[in-house]
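Quick notes on the structure that follows.
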Amino acid sequence: MTGPSSSQPTPEGAAGAQAARAVWSRDFALFFVARAIARLGDTMLPVALAAGLLQHGYGAGAVGVSMAATAAAFAGLVVFGGVLADRFSTRKLMIGADLVRLGTQALAAGLFFSGHVVLWQVCAIGFVNGVAGAVFQPGVASTVPRLASDIQGANGAIRVAESAAQLAGPAVAGLLVGFASPGGVFAAHATTYGISALCLLLLRLPPLAPGSRVVTGRGTKAFRADLVEGWREFRSRQWLWGVIAVWCVYMIAVWGPTVPLVATQVVQEHGPRVYGLVNSALGAGTVVGGLLALRLRPRRMLRAGAIALVGFAAFPASVGAGLGVPAMATGAAVAGAGMSFWGVMWATSVQTQVPPDVLNRIHAYDVAGSLAMMPVGQALAGPAASAVGADHVLLVAGATSFAVCAALLLIPAVRGLVRVDAAAAGSNRAAVPEPSRAQKG
């Protein structure tokens, strides 16, 4: 008997092609590009802020406060953005938010090009960016399930794209700062929002399923009712609010201080190009984490993600310990892989476990809770560094990373959450009676 001809797909090849069709389409490709380009600009911004503010006589505290202005506006208003996203066209809201940020970053570029840099103006621009981000972000959660049937595959692909952008963004920003000025980075950042808006303008979302968006009325009372309903749905899921509660500690003690202090430490000691290199290593690690998330399908996604998240400790710890550039880059890569894998597991869990009619609001509560304490951590980074030293703050951040991951695994609802398709398969197997011995033979 002859084997299958070379023109016939193998079962593995057919499965791969089917998986690709479950993710890729013209519209998903546009969304993919929009997210990658926007991420490219966002990863350039810390380099521009750190180098630009330090160049104009400001210190680590100013860098932290400028970042905190954006984070505070975003975290404080994203819940309202979730209600808007459940009521109106998410695509139009996202396009409008991108156009606003195109304008604000162009204004920031003008300030840095002119040399007239005032901290409150930089913070005001950051605050407007945070408001626009709060309008934009909730729609991302519901857009992915509408564009792809393989939600984890789609999240993994987007994570890889965003990670590749993170790999390139800081390096490009470092070159622009080194050979041009911080104003050039802000101009490039503004351009990325323009490209993102264009991709979203060309995007055509499939119609919503009947009853997936229920508007309870108009006016302040109805808006408040939608907020309350979203909170009720959020509170009813222990795995959801349990993760967010732990994440508040993570933002204050780990992520919040890590971003501005790593930027300031590396730029001051090694220059903006080395900081771009370290952040590119972080991006390379997140690419690896995204690729792993494309292939691995753990039954208990949050448990696997929490274990992977342990790797983030290597990033602040390597910088705080004063290790060399290769060690810092390696620590950043390990951290990126762990964070990226966790991110895909978390996003997929939220998008598959939550009903579509409240998904935008739940995602908004998720984002708000996750980031609520980040501006606190960023704002406290400067005073803490002045009091005990930036290196000690970063070492504490690395140690706290281990405690956070342990806390996640200690919550039964988090470590025991079963992925939706695995749970459905188990239910189907339970529903099918075991064949009798006579039927078997």
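Each residue of the sequence shown is one higher than the one before, starting from 1 at the first, in full-length UniProt numbering.
Cβ atoms here follow ideal geometry from the backbone N, Cα and C, with glycine treated the same way.
Remember, predicted model here, so these are calculated numbers, not experimental data.
With a cutoff of 8 Å on beta-carbon distance, G416 and R235 are scored as not near each other. A straight line joining the alpha-carbon of V243 with that of G156 spans about 20 Å. Shown here, Y58 sits in coil according to DSSP, grouped into three states, outside any helix or strand.
The segment 85-128 contains, as complete alpha helix (DSSP H) runs of 4+ residues, the segments 90-114 (chain order).
In this structure, the beta-carbon distance from A314 to L277 does not fall below 8 Å.
Residue environment analysis places T104 among the buried positions, since at least 16 neighbouring C-beta atoms fall within 10 angstroms of its C-beta. Closest by C-alpha distance to I307, out of A335, P138, A387 and D226, is A335. The C-beta distance from C248 to M339 rounds to 17 Å, too long to meet the 8 Å contact threshold. In this chain, F312 is not harboured by any alpha helix (DSSP H), its DSSP state being neither H nor E.
Taking the CA atoms as reference points, T143 sits about 10 Å from P356.
G343: member of the alpha helix (DSSP H) spanning V325 to Q353, first to last residue.
For the 8 Å CB-CB criterion, A284 and L99 do not form a contact. Between L380 and P257 a beta carbon distance of about 7 Å is seen, short of the 8 Å cut, so the two are scored as contacting.
Counting of Cβ neighbours within 10 angstroms places T70 among the buried residues, the total reaching 16 or more. With 16 or more neighbouring CB atoms inside 10 Å of its own CB, Q137 falls in the buried class.
A34 places its beta carbon 8 Å or farther from that of S163.
R159 places its beta carbon less than 8 Å from that of A293. From the listed residues M94, G64, F179 and V262, the smallest Cα separation to Y193 is found for M94.
Exposure of Q121 is indicated by the presence of fewer than 16 other C-beta atoms within 10 angstroms of its C-beta. Taking C-alpha positions only, D226 is separated from R273 by approximately 47 Å. Taking C-beta atoms as the reference points, L198 and V185 fail to come closer than 8 Å.
For L202, the enclosing alpha helix (DSSP H) has its first and last residue at P182 to L202. Using a Cβ-Cβ distance cut-off of 8 Å, the segment 124-135 and the segment 70-81 are in contact, since at least three pairs of beta carbons, one from each stretch, lie closer than that value.
In the three-state DSSP reduction, G271 falls in the coil class, being neither helix nor strand.
Taking A85 as reference, the option from G64, A141, T264 and A347 with the minimal CA-CA separation is A141.
The Cβ-Cβ distance between A281 and A173 does not fall below 8 Å. In terms of Cβ geometry, P182 and V262 do not form a close pair [threshold 8 Å]. The beta carbon of G311 sits closer than 7 Å to the beta carbons of V334, A335, A337 and G338 from its chain, once the five residues preceding and following it are set aside; these are given in chain order. When G169, G110, L54 and M67 are compared, the shortest CA-CA separation from T43 is found for G169.
When DSSP states are grouped into helix, strand and coil, R300 belongs to the coil group. Per DSSP, D226 is one residue of the alpha helix (DSSP H) stretching across T220 to R235. In the same chain as A397, and ignoring 5 residues on each side of it, the C-beta atoms closer than 7 Å to its own belong to A253, V254, P257, T258 and P316, in chain order.
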